[in-house]
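S.K.: Please read through the structure below; I'll follow up with questions.
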Amino acid sequence: MKKVRVLIAKPGLDGHDRGAKVVAKHLQESGYEVVYTGLHQSPEQIVAAALQEAVDVIGISILSGSHNFVFPAVMDLLREKGLGDVLVFGGGTIPEDDIPGLLAAGVKVLFRPGTPLQEITSFLQANVG
Amino acid sequence: MRYVEDALKGSQLAGARLIRLLEEGDPEGIEALKGLYPHTGRAYLLGITGPPGAGKSTLVDRIIGELRSRGKTVGVVAVDPSSPFSGGAILGDRVRMQRHATDEGVFVRSMATRGHLGGLSRATGEAVLVLDAMGYDVVLVETVGVGQDEVEVVDLAHTTAVVSLPGLGDDIQAMKAGILEIGDVFIVNKADKPGADEVVKQLTVMLEMRHTPPGDWQPRVLRTVAVKSEGIPELVDACLAHREHLVSSGKLSDRMALREVHFFRQLVKELAAEKIFGGVEGNPDYAALLRDLEARRVDPYSAAERLVASLHCRF
Numbered sequence: 000m001k002k003v004r005v006l007i008a009k010p011g012l013d014g015h016d017r018g019a020k021v022v023a024k025h026l027q028e029s030g031y032e033v034v035y036t037g038l039h040q041s042p043e044q045i046v047a048a049a050l051q052e053a054v055d056v057i058g059i060s061i062l063s064g065s066h067n068f069v070f071p072a073v074m075d076l077l078r079e080k081g082l083g084d085v086l087v088f089g090g091g092t093i094p095e096d097d098i099p100g101l102l103a104a105g106v107k108v109l110f111r112p113g114t115p116l117q118e119i120t121s122f123l124q125a126n127v128g
Numbered sequence: 000m001r002y003v004e005d006a007l008k009g010s011q012l013a014g015a016r017l018i019r020l021l022e023e024g025d026p027e028g029i030e031a032l033k034g035l036y037p038h039t040g041r042a043y044l045l046g047i048t049g050p051p052g053a054g055k056s057t058l059v060d061r062i063i064g065e066l067r068s069r070g071k072t073v074g075v076v077a078v079d080p081s082s083p084f085s086g087g088a089i090l091g092d093r094v095r096m097q098r099h100a101t102d103e104g105v106f107v108r109s110m111a112t113r114g115h116l117g118g119l120s121r122a123t124g125e126a127v128l129v130l131d132a133m134g135y136d137v138v139l140v141e142t143v144g145v146g147q148d149e150v151e152v153v154d155l156a157h158t159t160a161v162v163s164l165p166g167l168g169d170d171i172q173a174m175k176a177g178i179l180e181i182g183d184v185f186i187v188n189k190a191d192k193p194g195a196d197e198v199v200k201q202l203t204v205m206l207e208m209r210h211t212p213p214g215d216w217q218p219r220v221l222r223t224v225a226v227k228s229e230g231i232p233e234l235v236d237a238c239l240a241h242r243e244h245l246v247s248s249g250k251l252s253d254r255m256a257l258r259e260v261h262f263f264r265q266l267v268k269e270l271a272a273e274k275i276f277g278g279v280e281g282n283p284d285y286a287a288l289l290r291d292l293e294a295r296r297v298d299p300y301s302a303a304e305r306l307v308a309s310l311h312c313r314f
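Protein chains in written order, with numbering that gives the first Met the number 0: chain A, 0 to 128; chain B, 0 to 314.
In structure tokens form, the structure reads like this:
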């Protein structure tokens, strides 16, 4: 059976990666192969890693408030590099008001703080073949 | 053929997706590999192995930096373990190599073991072929953090570098069979920590006891502090000196020839097993044999002998 590969990325300046690590560990325990990038990634680094690792999914954790820059930049780069088929989801402290704009930019779903982990795996099961 | 042409031109997208197919055991991947094979055999294959926490990924990161400064392009395959329970994995070796992520001359691919033992994943060798065909000058293979007996990397690499660190064991550990026997270059990383001198001494004594015949490569012991980038040029020099020794002594082609035959025999076993079990499916004698086996009316040895004896081989 095909293994689903997920990149978990932590962009920008903030150093709080506990959420990203909790999600990565949950995905591992659910049978996913998770490539973890570490902190302080630029959109260019995230997309380069996704390309080299041939992932199906990118999960980006943002708590720094830079989501309106990072997500669209990642989506543009993905299309540019021929990775338009990679599913992108996000998580972190993202104001409700910003969500429609990010979804319009191509982010598939955004999980806000307090989301049960099961919701993330259920989403992936339903959306990644 | 999808991917082959682009991979040969060095396309990272094509190479990455091809490696993915090979990892999944997709027949399309194997077909592509046949197309790439004539373009392989050029890269220098360097294996880095050692216990978890020895600093292999940081060393690989620094080796990449050193090779890049010498104008070499570098492909990396970094292996991490799969969970025996879920089959999932956290592949975290990239974390230490991210500064090379946007360097076009570097390609880092993480792989999970997917249950394969030996320190590599089943498809590691195939990924190395892809990177070789893509034109990388050096392909680094970082094994999963190995214990005492995961020595498969030696079949894959031209040079095997074994990483040790202070505080892991005494001189008897250094004498045992296994991981410490396979090194062409020994690295004592974290050499600024207490106990480093002791490890260097143990390894040196172990190597003196090995009785290297004259003219053979005498393995070297090097000290590094990878996080501070100390000892890296010397390490790269030692690996390249080993490579040079292999080339000038003719051992490289011997080693590669052995490897091709070994790999071929592995493949034959796999293909033969598939063909045999496919061929006997639905055969009433085979079904009867299985029933006897299940009921312990026949032992597995006799059953296997009976099945193999019934095959008609015409090679």
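Glycine included, every Cβ here is placed at the ideal spot set by N, Cα and C.
1) What are the boundary residues of the beta strand (DSSP E) that residue 163 (chain B) is part of?
2) Please give me, in chain order, every unbroken run of the alpha helix (DSSP H) with length at least 4 that falls completely inside the stretch 239-304 of chain B.
3) With C-beta atoms as the reference, is residue 128 (chain A) less than 9 angstroms away from residue 110 (chain A)?
4) Is the number of C-beta pairs between the stretch 130-137 of chain B and the stretch 8-22 of chain B that are closer than 8 angstroms three or more?
5) In this structure, does DSSP put residue 63 (chain A) in helix, strand or coil?
6) Considering Cα atoms alone, identify which of B:109, B:117, B:116, B:113 is closest to residue 126 (chain B).
7) Find out if the Cβ-Cβ distance for the pair residue 150 (chain B), residue 118 (chain B) is shorter than 9 angstroms.
8) State yes or no: is the beta carbon of residue 91 (chain B) nearer than 9 angstroms to at least one beta carbon in chain A?
9) For residue 307 (chain B), count neighbouring Cβ atoms within 10 angstroms of its own Cβ and tell me buried if that reaches 16, exposed if not.
10) Along chain B, in chain order, which residues have C-beta atoms closer than 9 angstroms to that of residue 79 (chain A)?
11) Look up residue 185 (chain B) in the DSSP assignment and say whether it is helix, strand or coil.
12) May I ask you to report which of helix, strand or coil DSSP gives residue 135 (chain B)?
13) Between the Cα of residue 55 (chain B) and the Cα atoms of B:174, B:163, B:277, B:227, which residue gives the shortest distance?
14) Using a beta-carbon distance cut-off of less than 7 angstroms, what residues from the stretch 5-28 of chain B approach chain A?
15) Can residue 288 (chain B) and residue 157 (chain B) be called in contact, C-beta distance under 9 angstroms?
16) Show which residues of chain A have a CB atom less than 9 angstroms away from the CB atom of residue 108 (chain B).
17) Please work out which residues of its chain come closer than 7 angstroms, Cβ to Cβ, to residue 108 (chain A), disregarding the five sequence neighbours upstream and downstream, and give them in chain order.
18) Take residue 13 (chain A) as the anchor and find which of A:47, A:60, A:21 has the nearest alpha-carbon.
19) In chain B, which residues lie with their C-beta within 9 angstroms of the C-beta of residue 40 (chain A)?
20) For residue 94 (chain B), return the contacting residues in chain D, with the cut-off set at a CB-CB distance below 7 angstroms.
21) What separation, rounded to the nearest whole angstrom, lies between the Cα atoms of residue 23 (chain A) and residue 257 (chain B)?
22) Quick check: the stretch 27-36 of chain A against the stretch 61-68 of chain A, are there 3 or more CB pairs under 8 angstroms?
23) To the nearest angstrom, how far is it from the Cα of residue 28 (chain B) to the Cα of residue 128 (chain B)?
24) Using the three-state DSSP reduction, which class does residue 217 (chain B) fall into: helix, strand or coil?
25) Taking all protein chains shown into account, do 16 or more other C-beta atoms lie within 10 angstroms of the C-beta of residue 0 (chain B), making it buried, or fewer, making it exposed?
26) Residue 113 (chain A): buried (16+ other C-beta within 10 angstroms of its C-beta) or exposed?
27) Between the alpha carbons of residue 221 (chain B) and residue 161 (chain B), how many angstroms are there, rounded?
28) Whole-angstrom Cβ separation of residue 6 (chain A) and residue 73 (chain A), contact assumed at under 8 angstroms?
29) At which residues does the alpha helix (DSSP H) containing residue 17 (chain A) begin and terminate?
30) Just to confirm the assignment, what range does the beta strand (DSSP E) spanning residue 116 (chain A) have?
31) Give a yes or no on whether the minimum CB-CB distance between residue 168 (chain B) and chain A is below 9 angstroms.
32) Between residue 17 (chain B) and residue 31 (chain B), which are expected to be in contact by the criterion C-beta below 8 angstroms, what is the C-beta distance as a whole number of angstroms?
33) Rank B:39, B:21, B:130, B:93 by C-alpha distance to the C-alpha of residue 259 (chain B) and give the top, closest one.
34) Any chance the stretch 174-193 of chain B sits against the stretch 211-229 of chain B, with 3 or more Cβ pairs inside 8 angstroms?
35) DSSP beta-bridge partners for residue 110 (chain B)?
36) With DSSP as the reference, identify every bridge partner of residue 5 (chain A), one or two as the case may be.
M.R.: With the given structure in hand:
1) Here residue 163 (chain B) refers to the residue found at position 164 of the second sequence. Its beta strand (DSSP E) spans residues 158-163.
2) 250-279, 283-293
3) Locating residue 128 (chain A) in the first sequence gives position 129, counting from the first residue. Locating residue 110 (chain A) in the first sequence gives position 111, counting from the first residue. Not in contact: residue 128 (chain A) and residue 110 (chain A) (Cβ atoms no closer than 9 angstroms).
4) yes
5) To locate residue 63 (chain A), count along the first sequence from 1; it is residue 64. In the structure shown, residue 63 (chain A) sits in coil (DSSP, three-state: anything other than H, G, I, E or B).
6) The residue you call residue 126 (chain B) lines up with position 127 of the second sequence. When each option's Cα is compared against that of residue 126 (chain B), the closest is B:109.
7) For the purposes of this step, residue 150 (chain B) is taken as the residue at position 151 of the second sequence. For the purposes of this step, residue 118 (chain B) is taken as the residue at position 119 of the second sequence. Taking 9 angstroms as the Cβ cut-off, residue 150 (chain B) and residue 118 (chain B) qualify as a contacting pair.
8) Within the second sequence, numbered from 1, the residue matching residue 91 (chain B) stands at position 92. Judged by the 9 angstroms Cβ criterion, residue 91 (chain B) is in contact with chain A.
9) Residue mapping note: residue 307 (chain B) aligns to position 308 of the second sequence, counting from 1. Residue 307 (chain B) should be labelled exposed.
10) Locating residue 79 (chain A) in the first sequence gives position 80, where the first residue counts as 1. Correct list: empty, because the minimum Cβ distance to chain B is about 11 angstroms.
11) Here residue 185 (chain B) refers to the residue found at position 186 of the second sequence. Strand at residue 185 (chain B).
12) Within the second sequence, the letter at position 136 stands for residue 135 (chain B). Of the three classes helix, strand and coil, the one that applies to residue 135 (chain B) here is coil, per DSSP.
13) The residue given as residue 55 (chain B) occupies position 56 in the second sequence. Answer by Cα proximity: B:163.
14) 11, 12, 15, 16, 18, 19, 23
15) Position 289 of the second sequence holds residue 288 (chain B). Position 158 of the second sequence holds residue 157 (chain B). No. Outside cutoff.
16) If you number the second sequence from 1, residue 108 (chain B) lands on position 109. Near residue 108 (chain B) (Cβ distances below 9 angstroms), the residues of chain A are 51, 52, 53.
17) Sequence index remark: in the first sequence, residue 108 (chain A) carries index 109 (1-based). Around residue 108 (chain A): 88, 122.
18) By one-based count along the first sequence, residue 13 (chain A) stands at place 14. Ranking the options by Cα distance to residue 13 (chain A), first place goes to A:60.
19) As a working note, residue 40 (chain A) is residue 41 in the first sequence. Within 9 angstroms Cβ-Cβ: 97, 100.
20) Of the protein chains in the structure, A and B, none is chain D.
21) Taking the first residue of the first sequence as position 1, residue 23 (chain A) is located at position 24. Taking the first residue of the second sequence as position 1, residue 257 (chain B) is located at position 258. Rounded to the nearest angstrom, the two C-alpha atoms are 41 angstroms apart.
22) no
23) For this step, residue 28 (chain B) is matched to residue 29 along the second sequence. For this step, residue 128 (chain B) is matched to residue 129 along the second sequence. One C-alpha to the other measures close to 12 angstroms.
24) By one-based count along the second sequence, residue 217 (chain B) stands at place 218. Coil, per DSSP.
25) Taking the second sequence and counting its residues from 1, the one referred to as residue 0 (chain B) is at position 1. Under this definition residue 0 (chain B) is an exposed residue.
26) Here residue 113 (chain A) refers to the residue found at position 114 of the first sequence. Residue 113 (chain A) comes out exposed.
27) Numbered from its first residue, the second sequence carries residue 221 (chain B) at position 222. Numbered from its first residue, the second sequence carries residue 161 (chain B) at position 162. When rounded, the distance between both Cα atoms is 10 angstroms.
28) For this step, residue 6 (chain A) is matched to residue 7 along the first sequence. For this step, residue 73 (chain A) is matched to residue 74 along the first sequence. Contact flag wrong, Cβ pair sits at about 11 angstroms.
29) On the first sequence, residue 17 (chain A) is found 18 positions in, with the first residue counted as 1. Segment 17-28, the alpha helix (DSSP H) holding residue 17 (chain A).
30) Start at 1 with the first residue of the first sequence, and residue 116 (chain A) comes out as number 117. Here residue 116 (chain A) belongs to no beta strand (DSSP E); instead the alpha helix (DSSP H) covers 116-126.
31) Reading the second sequence from its first residue, position 169 is the one you call residue 168 (chain B). Residue 168 (chain B) does not count as touching chain A.
32) As a first step, residue 17 (chain B) is located in the second sequence; it is residue number 18 there, counting from the start. As a first step, residue 31 (chain B) is located in the second sequence; it is residue number 32 there, counting from the start. Residue 17 (chain B) to residue 31 (chain B), Cβ: 6 angstroms. Contact.
33) Numbered from its first residue, the second sequence carries residue 259 (chain B) at position 260. The candidate whose alpha carbon is nearest that of residue 259 (chain B) is B:39.
34) yes
35) Counting from 1 along the second sequence, the entry for residue 110 (chain B) is found at position 111. DSSP lists B:78 as partners of residue 110 (chain B).
36) In the first sequence, residue 5 (chain A) corresponds to position 6, counting from 1. Paired residues: A:33, A:56.
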